[in-house]
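Okay, structure first, notes after.
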Amino acid sequence: MSELSPLDAGFMEMEDADRHISLGIGAVAILEGDPPTRESFRAGLDRGLERHGRLRQRVRRAPWDLAAPVWEDDPNFDPEHHIRWAALPDPRDESALRELVATELAEPFDRDHPLWKVVVVENLSRGRWAMIVRAHHSMVDGISGITLFESFCDPVAEAPRLKQEKRSRAGRFTAAARAVRLPYTLPVFVVGAVRTLAPVVYAAVAPAPDSSLNGPIGRQRRYVVTRTSLSEVREIAADLGVTVNDVAVAAIAAAYRRLLQARGEEPAPGKLRILVPVSMRADEAKYIPDNRVSAMIVELPIEVEHPVERLTAVHERIARHRSRGEAEAEKSLLSLADRLPFAVAAWVFRAASRVPQRGVGALATNIPGPRHWLTLGGRKVLEIWPAIPIAMRVRTTVAILSYADQLNFGITGDYDTTPDIEEIASGIATEVAVLLAHARGRSL
1 MSELSPLDAG FMEMEDADRH ISLGIGAVAI LEGDPPTRES FRAGLDRGLE RHGRLRQRVR
61 RAPWDLAAPV WEDDPNFDPE HHIRWAALPD PRDESALREL VATELAEPFD RDHPLWKVVV
121 VENLSRGRWA MIVRAHHSMV DGISGITLFE SFCDPVAEAP RLKQEKRSRA GRFTAAARAV
181 RLPYTLPVFV VGAVRTLAPV VYAAVAPAPD SSLNGPIGRQ RRYVVTRTSL SEVREIAADL
241 GVTVNDVAVA AIAAAYRRLL QARGEEPAPG KLRILVPVSM RADEAKYIPD NRVSAMIVEL
301 PIEVEHPVER LTAVHERIAR HRSRGEAEAE KSLLSLADRL PFAVAAWVFR AASRVPQRGV
361 GALATNIPGP RHWLTLGGRK VLEIWPAIPI AMRVRTTVAI LSYADQLNFG ITGDYDTTPD
421 IEEIASGIAT EVAVLLAHAR GRSL
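UniProt numbering numbers the first residue of the sequence shown as 1 and each following residue consecutively.
Structure (structure tokens):
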């Protein structure tokens with residue numbers, strides 16, 4: 001058995017605090033040809049099960065949360081419990097697939113068993129089929145979630161075998177010992193970390209101007225996708241002296257600007273603070289299923305009208321947040337949480353999850369995916385769409401995933417409050433086209 005980290009367990013606390021949310025991270029793969037037989041599909045699934053022992057484990061909590069939850073082998077593990085086969089209704093198009101993805105995003109996991117699920121989708125138009133892979137956020141972050149999907153695909157080259165990082169009780173302080181020794185083991189650098197994080201904490205707790213982007217959410221979801229070319233986004237970044245991530249975030253800023261204007265709201269300065277997760281995962285930890293993320297809270301320049309000026313503002317603001325070391329400071333505080341008695345850490349996460357936050361209006365995460373084409377059972381993976389949950393009064397989230405020469409945006413929204421979610425998708429595509437024209441010396 002191994003313990004969940006405070007962050008991993010925190011996602012379960014967040015889910016428990018709001019019956020309207022399900023914190024599953026997903027990847028939607030679209031493949032060519034007919035779907036495999038159930039027998040051949042199980043062969044690929046067994047590959048993933050062999051590499052990721054976590055897929056056979058469930059979470060067991062300690063009484064009164066006095067100790068951290070642990071991953072333990074599911075004595076009744078059955079892969080079939082985690083596989084579902086579905087067929088799209090006519091016209092069997094991508095709109096029907098997106099509706100199915102939205103339904104899956106709202107579905108809670110069965111906590112009596114390992115927290116993952118695969119849906120094989122037959123009858124997609126134009127001779128294709130799809131596969132939806134979801135795992136709870138306590139098990140994976142964006143990067144480890146994509147490597148989980150990769151493990152089901154045909155081997156490309158010998159990949160490093162997964163080494164489970166044990167958080168065993170042996171060699172660790174008991175809860176009582178941690179509490180006694182904490183005043184003497186508190187790292188000096190945490191003082192600096194708290195100072196660095198002060199602007200982040202303020203941005204998270206200080207109410208932003210009233211916005212339809214922040215508020216209560218329901219049980220149902222909407223899901224849409226925007227496709228862009230990674231090579232074109234790289235061209236924009238190179239020509240305008242920014243990063244690929246800057247271009248993606250600037251496109252999101254433009255999309256939210258247009259969405260607010262369409263809703264009759266003024267895109268004023270300070271109107272939209274966005275949570276930007278930052279991966280803290282080293283290359284050698286790519287195949288370890290857990291969470292290694294920190295975050296920054298960035299104020300998007302939705303008040304800036306000119307596309308290139310808006311991109312420049314995004315670049316400067318993200319660079320400023322990075323230079324302050326906010327992500328590293330947050331990681332330090334998470335490390336400190338790891339040294340607290342778990343009951344204390346659990347209480348903090350639980351309390352934070354129950355306080356209505358009004359400072360953040362959206363989330364955008366950039367996930368580097370496979371650079372090469374994947375196959376599953378000899379069938380080419382044509383596209384991969386990222387799919388992430390919504391929570392904490394944030395009514396829309398955007399996941400950005402690169403795959404081969406694609407850069408796809410998966411947008412999740414609350415069903416009742418985002419009937420216009422397509423505005424975000426079209427706004428992103430339009431902004432990338434506008435920036436590409438500017439990069440090439442034209443204007444639209």
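Idealized CB from N, CA, C, for every residue including glycine. Note that the coordinates shown come from a computational prediction; the quantities given were computed from them, not determined experimentally.
* **Distance between LEU272 and ALA262 (C-alpha atoms, nearest Å)** => Sequence index remark: in the sequence shown, residue 262 carries index 262 (1-based). Sequence index remark: in the sequence shown, residue 272 carries index 272 (1-based). Roughly 15 Å between the two C-alpha positions.
* Tell me the DSSP bridge mates of ASN214? -> Position 214 of the sequence shown, counting from 1, holds the residue named residue 214. Answer is VAL394, bridged to ASN214.
* To do: Since I believe PHE152 is in contact with LEU230 (beta carbons under 8 Å), could you give me their beta-carbon distance rounded to a whole number of angstroms?
  => Position 230 of the sequence shown, counting from 1, holds the residue named residue 230. Position 152 of the sequence shown, counting from 1, holds the residue named residue 152. That belief does not hold up - the Cβ atoms of LEU230 and PHE152 are roughly 23 Å apart, past 8 Å.
* What residue range is occupied by the uninterrupted alpha helix (DSSP H) comprising GLN261? -> Working through the sequence shown from its first residue, we reach residue 261 at position 261. It spans 244 to 262 - the alpha helix (DSSP H) in which GLN261 sits, taken as one unbroken run.
* **For ILE132, the residue or residues it bridges with in DSSP** => As a working mapping, residue 132 is identified with position 132 in the sequence shown. VAL28 and VAL119.
* To do: Drop a sphere of 10 angstroms on the beta-carbon of HIS301, count the other beta-carbons inside from all chains shown, and report buried for 16 or more, exposed for fewer.
  => Working through the sequence shown from its first residue, we reach residue 301 at position 301. For clarity, residue 301 is Pro in the given sequence; the question names His instead. Burial call: buried.
* What are the start and end residues of the beta strand (DSSP E) that includes VAL355? -> Here residue 355 is taken as the residue at index 355 of the sequence shown, counted from 1. Following the DSSP letters along the chain, one finds VAL355 in no beta strand (DSSP E), marked with neither H nor E.
* Please list, in chain order, all residues of the same chain as GLY215 whose beta carbon is under 8 Å from its beta carbon, the five residues on each side excluded. => To locate residue 215, count along the sequence shown from 1; it is residue 215. So the qualifying residues of the chain are ARG393, ARG395 and THR417.
* Asked: With burial defined as no fewer than 16 other Cβ atoms inside 10 Å of the residue's Cβ, what is the status of THR37: buried or exposed?
  -> Here residue 37 refers to the residue found at position 37 when the sequence shown is read from its first residue. Looking at its Cβ environment, which holds fewer than 16 other Cβ atoms inside 10 Å, THR37 is exposed.
* Which one or two residues does DSSP pair with PRO307 in a beta bridge? -> On the sequence shown, position 307 is the one that residue 307 refers to. Beta-bridge pairing by DSSP links PRO307 to no other residue.
* To do: Using DSSP bridges, identify the partner residues of PRO277.
  => Start at 1 with the first residue of the sequence shown, and residue 277 comes out as number 277. In DSSP, PRO277 forms a bridge with ALA295.
* Does the distance from the C-beta atom of VAL124 to that of PRO307 stay below 7 Å? -> Counting from one through the sequence shown, the residue named residue 124 turns up at place 124. Counting from one through the sequence shown, the residue named residue 307 turns up at place 307. Just to set this straight, residue 124 is Leu in the shown sequence, not Val. Using a Cβ distance threshold of 7 Å, LEU124 and PRO307 do not count as a contacting pair.
* Please indicate yes or no: does the CB of ARG371 lie closer than 6 Å to some heavy atom of the ligand GTP? => The ligand GTP is absent from the structure shown, which contains no ligands of any kind.
* Can you tell me the Cα-Cα spacing of TRP385 and TRP64, whole angstroms? -> Residue numbering aside, residue 385 sits at position 385 when the sequence shown is read from its first letter. Residue numbering aside, residue 64 sits at position 64 when the sequence shown is read from its first letter. Taking the straight line from one Cα to the other gives about 39 Å.
* Please state whether DSSP places ILE302 in a helix, a strand or coil. => By one-based count along the sequence shown, residue 302 stands at place 302. In the three-state reduction of the DSSP assignment, ILE302 falls in the coil class.
* **the region 86 to 100 in contact with the region 124 to 136 per 3-pair CB rule at 8 Å** => When Cβ pairs closer than 8 Å are counted between the two stretches, the region 86 to 100 is seen to touch the region 124 to 136, the count reaching three or more.
* Answer with buried or exposed for SER5, where buried requires no fewer than 16 other C-beta atoms within 10 angstroms of its C-beta. => For the purposes of this step, residue 5 is taken as residue 5 along the sequence shown, with counting starting at 1. Around the beta carbon of SER5, 16 or more other beta carbons lie within 10 angstroms, which makes this residue buried.
* In three-state terms, what does DSSP make of VAL140? -> Here the question's residue 140 lines up with position 140 in the sequence shown. Correct three-state label for VAL140: coil.
* Run the CB neighbour count on GLY33, radius 10 Å, all protein chains shown included, and call it buried at 16 or more, exposed below. => Taking the sequence shown and counting its residues from 1, the one referred to as residue 33 is at position 33. By the neighbour-count rule (16 or more Cβ atoms within 10 Å), GLY33 is not buried but exposed.
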